[in-house]
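Input: a single structure, listed below in structure tokens.
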Amino acid sequence: MEIVYVYTKKRSEFGRQCNFSDRPAELHVDILPDTSLAANFTVRDPCNVTIQCAEEMSEHEVNTERFESESRGINHVEGGWPKDLNPEDMEATIRYRKKVEKDEHYQNTIMQIAGLMEHCCKQNNATDIYQEFFEDEDEEVMEESEEQPSAKTINVFRDPNEVKRTATSLSWHPDGNHKLAVAYSSLEFQKAPNDMSFDSYIWDIENPNKPEMTLKPVSPLVCLEYNPKDSHILVGGSYNGQIAYWDTRKGSQPVEMSTIEHSHRDPVYKVIWLQSKTGMDIFSASTDGQVLWWDIRKMSEPTERLILDPSKKGNLDNALGAVSLEFETTMPTKFMVGTEQGLVVSCNRKAKTPAEKIVCTYSGHHGPIYALQRNPFFPKNFLTVADWTARIWSEDIKESSIMWTKYHMAHLLDGCWSPVRPSVFFTVKMDGTLDVWDILFKQNDPTLSLKVCDEALYSIQVQDNGRFLGCGSQLGTTTLLEISGGLCTLQKNEKALVSEMFERETKREKILEARHREMRLKERSRSEQSREDEGKEADGEESTEELVARAEKEFFDILEAEKRKERNEEKERDKEKGVCEEKDFQEEYETNGVSSFARREISM
Amino acid sequence: MLQAEVEETIKRIQSQKGVQGIIIVNAEGIPIKSTLDNSSTVQYAGNVHQLLMKARGMVRDIDPQNDLTFLRVRSKKNEIMIAPGIEMYTQFLLG
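As they're listed, the protein sequences go chains A and B. Counting along the first sequence from 1, when you hit position 407 you're at 407 in the UniProt record's numbering, and nothing is skipped either side. Counting along the second sequence from 1, when you hit position 28 you're at 28 in the UniProt record's numbering, and nothing is skipped either side.
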């Protein structure tokens, strides 16, 4: 339909009619250019014209047709009844139904479809066509397949701050493994920039863009652990020696912090939750040589204190700095401490005197022990990761480890056992590689070596299912990796094979130890005899100062000898030079006269 | 005569193992015969009608010569079998 607007006006209201006539063109106005005005203007040369080298685009607006949708529910009522029938009326409906049933067409159709229906029914009863076959045989099939061990990166979580800090510790959420708490700090002595943020984050694995929660301590956290019994509580040890605990329901600020006077004097390198009835006990270790026990409800002072003095006198000056702790819930009275000096100290918590607390030490590493963990299946054996090797020890053999890896090119900084397979453990190195070792498969080399990033990897933590692991690097990047099925499913006989291997190695070491002892005894008896014969008295042990003085003297002697040698050599060289020069100058003198004399003077 | 046969056939199907009920619906959606209670019958009748239209439309859409002969809806607990008739008499039973 055309839309038309009609104007009506009475003819009499218009006024006089128009009389149009033709006329030739008339010039009304002609404005000529006035050149004198040009004097007010100057020619601009050059002109600045802005051009943009871009695609020319035009903007259009379009309005789409509205699509309206509505959610509606359906009310089922009997429908379809012919208009004259009242569905409520029982008799009428019955009558109608009977009428339909008598209809021939109806009957024929029913016969047809009844046949079809019966067929399908019988089919259903004959066999269950949706039966699941091969349900139980899945496992066997998997074992047969020879898959290459592999690992792939799932997600990468970067430190959102500008100044990047090292991810020093990781802790998985105890139920569900959907969250990862990462502690960030800068462990390089006095190199932390002033504007470095102190925050540590809890990440949700699905969202690598933004941390789920921030923890704001007073000083950067070096280690962080979830409470395995209560997944809302985390405890962290910080760089200034204090311990703080957080409740994720209560926000980013720590709920309570330990008092500075009673805390550690050095960064707290490891904090572990203890098994106790209350589930609120922790213990912490630091390089100041102390291991402190705390109850987190009362952080004002530690409940117990242990000084790691190997001479068992409780002397703090002699104490070894602790870098890692180990606690196994199946052995609640024992725990182990890994020290900066390369010793592993095994302690008993229930001892009466501090002297008895330290049970024994294991030596063999050259540097600080960064990781210490018992094998979850064989608690008598534990793994230590330090300097350039990883070693496996048996509790009974104190002289040396029972198995060890070769010396690598880069420092090993952290390691852990796989919680599902007794023969698999992981280590991370300073060059950013992650090594997966399977001691049943290969003992000389890692089964899988993966370069995760270019900077050093400082920490690694495996999830309880053994399939996912997170590793933290020097620039604060935490990488989440998934390892292939073969490395995280328990193989047949694995436990038996691994236990056999450990026993074998332990036996070997025992035999070697016995042999060494024998040899040493023989030596001692022989040397004692020889000394008696010659009547010389043994010097006895030189004290450390004498040793130092001797070493210094030797050092300076060597220096003197070197200097003398150099001086002699110089003198010889000079003499030779002198001879050559004289020869030269004589020639010149003969040719050039006085000037050569002058030259000679200057050079001398 | 045929009517008796019809009755007998229906009874036979009903007596098959695993059959919970049988409903016969005509083109307008009126349940003609049903072995279930009224409210369930009405519910099934209403829902199935739409599903059937969609399924038939789909089959016809993909191949116009084709037509829907049977429709099985299998769920966790049971299976609904729907047989569309020529003049849209639909019979379905729960098994």
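Glycine included, C-beta positions come from ideal geometry on N, C-alpha and C. Quantities reported herein were computed from a predicted structural model and do not represent experimental measurements.
> What did DSSP end up calling residue 296 (chain A) once you bin it into helix, strand or coil?
Replying inline: As a first step, residue 296 (chain A) is located in the first sequence; it is residue number 296 there, counting from the start. Annotated three-state conformation of residue 296 (chain A) is coil, per DSSP.
>> Suppose contacts are defined by Cβ-Cβ distances below 8 Å. Is residue 151 (chain A) in contact with residue 483 (chain A) by that definition?
In response: Position 151 of the first sequence, counted from the start, is the residue given in the question as residue 151 (chain A). Position 483 of the first sequence, counted from the start, is the residue given in the question as residue 483 (chain A). One thing to note: residue 151 (chain A) has its Cβ within 8 Å of the Cβ of residue 483 (chain A).
> What distance in whole Å lies between the Cβ atoms of residue 380 (chain A) and residue 394 (chain A), which are believed to be in contact at a cut-off of 8 Å?
Replying inline: As a position in the first sequence, residue 394 (chain A) is number 394, starting the count at 1. As a position in the first sequence, residue 380 (chain A) is number 380, starting the count at 1. The pair is a contact, with the Cβ atoms about 6 Å apart (cut-off 8 Å).
>> Which residue wins for smallest C-alpha separation from residue 83 (chain B), given the options A:457, A:276, A:103 and A:120?
In response: By one-based count along the second sequence, residue 83 (chain B) stands at place 83. The alpha carbon of residue 83 (chain B) has as its nearest neighbour, out of A:457, A:276, A:103 and A:120, the alpha carbon of A:120.
> Taking the alpha-carbon positions, what's the residue 275 (chain A) to residue 329 (chain A) distance?
Replying inline: Residue 275 (chain A) sits at position 275 when you count from the first residue of the first sequence. Residue 329 (chain A) sits at position 329 when you count from the first residue of the first sequence. Residue 275 (chain A) and residue 329 (chain A) have their C-alpha atoms some 6 Å from each other.
> Pairing CB atoms from the region 402–420 of chain A with CB atoms from the region 454–461 of chain A, are three or more of them under 8 Å?
Replying inline: Flag = yes, the region 402–420 of chain A and the region 454–461 of chain A touch.
>> Given a cut-off of 8 Å on the beta-carbon distance, is the pair residue 205 (chain A) and residue 24 (chain B) in contact?
In response: To locate residue 205 (chain A), count along the first sequence from 1; it is residue 205. To locate residue 24 (chain B), count along the second sequence from 1; it is residue 24. Not a contact, by the Cβ cut-off of 8 Å.
>> Taking 8 Å as the threshold (beta carbon to beta carbon), is residue 66 (chain B) in contact with chain A?
In response: Here residue 66 (chain B) is taken as the residue at index 66 of the second sequence, counted from 1. It does not: the Cβ of residue 66 (chain B) has no partner Cβ on chain A nearer than 8 Å.
> Just the Cα atoms here: how many angstroms apart are residue 18 (chain B) and residue 73 (chain B)?
Replying inline: In the second sequence, residue 18 (chain B) corresponds to position 18, counting from 1. In the second sequence, residue 73 (chain B) corresponds to position 73, counting from 1. Taking the straight line from one Cα to the other gives about 15 Å.
>> Checking 8 Å against the spacing of the C-beta atoms, do residue 308 (chain A) and residue 271 (chain A) come in under that value?
In response: Position 308 of the first sequence holds residue 308 (chain A). Position 271 of the first sequence holds residue 271 (chain A). For residue 308 (chain A) and residue 271 (chain A), no; Cβs fall outside 8 Å.
>> Within 10 Å of its beta-carbon, does residue 210 (chain A) have 16 or more other beta-carbons around it, so buried, or fewer, so exposed?
In response: Position 210 of the first sequence, counting from 1, holds the residue named residue 210 (chain A). Of the other Cβ atoms in all chains shown, fewer than 16 fall within 10 Å of the Cβ of residue 210 (chain A); this residue is therefore exposed.
> In three-state terms, what does DSSP make of residue 96 (chain A)?
Replying inline: Position 96 of the first sequence, counted from the first residue, corresponds to residue 96 (chain A). Helix, per DSSP.
> Looking at the structure shown, is residue 27 (chain B) part of a helix, part of a strand, or coil, going by DSSP?
Replying inline: Locating residue 27 (chain B) in the second sequence gives position 27, counting from the first residue. In this structure, DSSP gives residue 27 (chain B) a state outside helix and strand, which the three-state scheme calls coil.
> When the Cα atoms are used, what is the spatial distance from residue 444 (chain A) to residue 517 (chain A)?
Replying inline: On the first sequence, position 444 is the one that residue 444 (chain A) refers to. On the first sequence, position 517 is the one that residue 517 (chain A) refers to. Each residue's Cα considered, the two are about 29 Å apart.
> First and last residue of the alpha helix (DSSP H) that includes residue 448 (chain A)?
Replying inline: Locating residue 448 (chain A) in the first sequence gives position 448, where the first residue counts as 1. Premise fails: residue 448 (chain A) lies in the beta strand (DSSP E), 448–451, not in any alpha helix (DSSP H).
>> Can you tell me where the alpha helix (DSSP H) holding residue 39 (chain B) begins and where it ends?
In response: Mapped onto the second sequence, residue 39 (chain B) falls at position 39. Segment 38–62, the alpha helix (DSSP H) holding residue 39 (chain B).
>> What does the Cβ neighbour count give for residue 502 (chain A), buried or exposed, with the cut at 16 atoms within 10 Å?
In response: Numbered from its first residue, the first sequence carries residue 502 (chain A) at position 502. Its Cβ being crowded by 16 or more others within 10 Å, residue 502 (chain A) is buried.
>> Could you compute how far the alpha carbon of residue 523 (chain A) sits from the alpha carbon of residue 563 (chain A)?
In response: In the first sequence, the residue the question calls residue 523 (chain A) occupies position 523. In the first sequence, the residue the question calls residue 563 (chain A) occupies position 563. Taking the straight line from one Cα to the other gives about 41 Å.
> What span of residues does the beta strand (DSSP E) with residue 487 (chain A) cover, start to end?
Replying inline: In the first sequence, residue 487 (chain A) corresponds to position 487, counting from 1. Element bounds for residue 487 (chain A): n/a, residue is neither H nor E.
>> Between residue 26 (chain B) and chain A, is the shortest Cβ-Cβ distance under 8 Å, so that the two count as touching?
In response: Numbered from its first residue, the second sequence carries residue 26 (chain B) at position 26. Using a Cβ-Cβ cut-off of 8 Å, residue 26 (chain B) counts as an interface residue toward chain A, since at least one Cβ of chain A sits closer than that to its own.
> Under a CB-based cut-off of 8 Å, is residue 120 (chain A) close to chain B?
Replying inline: The count along the first sequence starts at 1 and reaches residue 120 (chain A) at position 120. Put simply, the CB of residue 120 (chain A) is near chain B, with a gap under 8 Å to one of its CB atoms.
> What do you reckon, are the CB atoms on residue 218 (chain A) and residue 242 (chain A) nearer than 8 Å?
Replying inline: Here residue 218 (chain A) corresponds to residue number 218 of the first sequence, with the count starting at 1. Here residue 242 (chain A) corresponds to residue number 242 of the first sequence, with the count starting at 1. The beta carbons of residue 218 (chain A) and residue 242 (chain A) sit closer together than 8 Å.
> Who are the neighbours of residue 16 (chain B) on chain A, taking C-beta pairs under 8 Å?
Replying inline: Position 16 of the second sequence, counting from 1, holds the residue named residue 16 (chain B). Neighbours of residue 16 (chain B) across chain A, judged by C-beta separation under 8 Å: 118, 121, 122 and 125.
> For the region 1–13 of chain B, which residues have a CB atom closer than 8 Å to at least one CB atom of chain A, in sequence order?
Replying inline: Listed in sequence order: 2, 3, 5, 6, 9, 10, 12 and 13.
> I think residue 36 (chain B) touches residue 46 (chain B), with their Cβ atoms under 8 Å apart; what is that distance to the nearest whole Å?
Replying inline: As a working note, residue 36 (chain B) is residue 36 in the second sequence. As a working note, residue 46 (chain B) is residue 46 in the second sequence. Their Cβ separation, rounded to whole angstroms, is 14 Å, which puts residue 36 (chain B) and residue 46 (chain B) out of contact at 8 Å.
>> Here's the rule I'm using: 16 or more other beta-carbon atoms within 10 Å means buried, otherwise exposed. How should residue 173 (chain A) be labelled?
In response: Stepping through the first sequence from its first residue, residue 173 (chain A) is reached at position 173. That one is buried.
> residue 403 (chain A) by DSSP, collapsed to three states: which one?
Replying inline: Here residue 403 (chain A) refers to the residue found at position 403 when the first sequence is read from its first residue. Strand at residue 403 (chain A).
>> So residue 19 (chain B) contacts chain A; which residues on that side make the cut at Cβ distance below 7 Å?
In response: In the second sequence, the residue the question calls residue 19 (chain B) occupies position 19. Chain A residues near residue 19 (chain B): 121.
> Looking at the unbroken beta strand (DSSP E) that takes in residue 14 (chain B), where does it start and where does it end?
Replying inline: To locate residue 14 (chain B), count along the second sequence from 1; it is residue 14. That residue, residue 14 (chain B), is in no beta strand (DSSP E); its alpha helix (DSSP H) goes 2–14.
>> Distance cutoff 8 Å, beta carbons only. Does residue 55 (chain B) sit that close to anything in chain A?
In response: As a first step, residue 55 (chain B) is located in the second sequence; it is residue number 55 there, counting from the start. It does not: the Cβ of residue 55 (chain B) has no partner Cβ on chain A nearer than 8 Å.
> Is residue 23 (chain B) close to chain A, meaning its C-beta is less than 8 Å from at least one C-beta of that chain?
Replying inline: The residue given as residue 23 (chain B) occupies position 23 in the second sequence. Taking Cβ atoms only, chain A never reaches closer than 8 Å to residue 23 (chain B), which makes this a no.
> Can you list, in chain order, the residues of its chain whose CB lies under 7 Å from that of residue 53 (chain A), leaving out five sequence neighbours each side?
Replying inline: Translated into positions along the first sequence, residue 53 (chain A) becomes position 53. Excluding sequence neighbours, residue 53 (chain A) sits near nothing in its chain.
> Leaving out five residues before and five after residue 407 (chain A) in sequence, what residues of the same chain have Cβ atoms less than 7 Å from its Cβ?
Replying inline: In the first sequence, the residue the question calls residue 407 (chain A) occupies position 407. Here the set comprises 388 and 389.
> Quick one: does residue 32 (chain B) have its CB under 8 Å from some CB of chain A?
Replying inline: Numbered from its first residue, the second sequence carries residue 32 (chain B) at position 32. True, the Cβ-Cβ gap to chain A drops below 8 Å.
> Just checking my contact of residue 433 (chain A) with residue 450 (chain A) at CB under 8 Å: how many whole Å lie between their CB atoms?
Replying inline: In the first sequence, counting from the first residue as 1, residue 433 (chain A) sits at position 433. In the first sequence, counting from the first residue as 1, residue 450 (chain A) sits at position 450. Yes, they are in contact, since the Cβ atoms of residue 433 (chain A) and residue 450 (chain A) sit about 6 Å apart, within 8 Å.
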